[in-house]
Amino acid sequence: MEVTTRTVSRNRCGRCRQEGHNRTRCPHDSSTATSLAVAFRQEERARDLIRVRELRARQAALNSNADHAAFRTRVYEQVTDMQRRLQELTGGAAVVPPRNVPTVREVKIQEILFDRAQEIPDGLYKELMDALVIRV
Ligand SMILES: [Zn+2]
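Numbering (my numbering), first residue to last: 50 to 185.
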């Protein structure tokens, strides 16, 4: 694309590449025209180089932004995953049956103690029954 914008300029002399005249009206002698043309080409190349560097820098910045966005997305996914797991853990704890209801095991032990109360000293019976209704 640089090539088209570079060569289309009509006011530029084909010999010395200076503006304001054409090849037939070029005021410069052959060696001056050649050195002017060489200088012009060098300037052009320098401008092209600057442009290429700018484009590369811009592309690098875009890539860096893309990297940043990808990084943010990954971190966000990780945080979301951790939140989900934490919720599962804490939610799982809440799913445990409320502790104001005796468990099957507690009920069974209470039945055994009740049924065989006669075989157990009074103090021990009371202590064990009390221990069974303790709620953490
Ligand atoms: Zn000229």
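Using N, Cα and C, we set each Cβ at its ideal position, and we do this for glycine too.
What you are looking at is a predicted structure, and each value in this text was computed from that prediction instead of being measured.
Outcome for residue i when other beta-carbon atoms lying within 10 angstroms are tallied against a minimum of 16
i: R61; result: buried
i: R154; result: exposed
i: A95; result: exposed
i: A106; result: exposed
i: R82; result: Per the sequence presented here, residue 82 reads as Ala, with Arg not at that position. It counts as buried.
i: V52; result: Confidence is the limiting factor: at V52 the pLDDT is only 48, short of 50, which leaves the residue's position unreliable, though a coordinate-based value still follows. It is exposed - the Cβ of V52 has fewer than 16 other Cβ atoms within 10 Å.
Helix, strand or coil at residue i according to DSSP, with G and I counted as helix
i: R154; result: helix
i: R61; result: strand
i: R102; result: helix
Sub-8 Å separation of residue i and residue j beta-carbons
i: L173; j: I158; result: no
i: A86; j: R72; result: no
i: R90; j: C75; result: no
i: L138; j: L162; result: no
Segment limits, alpha helix (DSSP H) that includes residue i
i: D171; result: D171 to L181
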